[in-house]
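Here the numbering used here is used: the first residue of the sequence shown is 2, the next is one more, and so on. To start, the structure under review is shown below, and the notes come after it.
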Amino acid sequence: MALSANEVWGAISAATNMYPAAMPNLIAGIRVTSRDGVTAGSVREITFGTGT
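Have a look at this one:
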């Protein structure tokens, strides 16, 4: 399966909200700590849930 760079980046960007909602036992939250969360160079802090 071949994906374009835009498709891959869209999935990464959506993960900030989607992963904690879909897997709350594994990922308690994702917080953008630097930049806006959608441009290159953005940094995210992942808080793992109790199921990890």
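All residues carry an ideal CB built from backbone N, CA and C; glycine is no exception.
Apply the 10 Å Cβ neighbour rule to residue i and answer buried if 16 or more other Cβ atoms are within range, or exposed otherwise.
i	result
I28	buried
Throw me the rounded Cβ distance for the residue i and residue j pair, which I believe falls under 8 Å.
i	j	result
G38	T17	6 Å
E46	R32	5 Å
From the DSSP secondary-structure annotation, give me the bridge partner or partners of residue i.
i	result
I31	I47
Report the option in the options whose CA atom is closest to the CA atom of residue i.
i	options	result
T1	M2, G11, L4	Only positions 2 to 53 of the chain appear in the structure, and residue 1 is not among them; the question remains open.
V44	L4, I13, M2	I13
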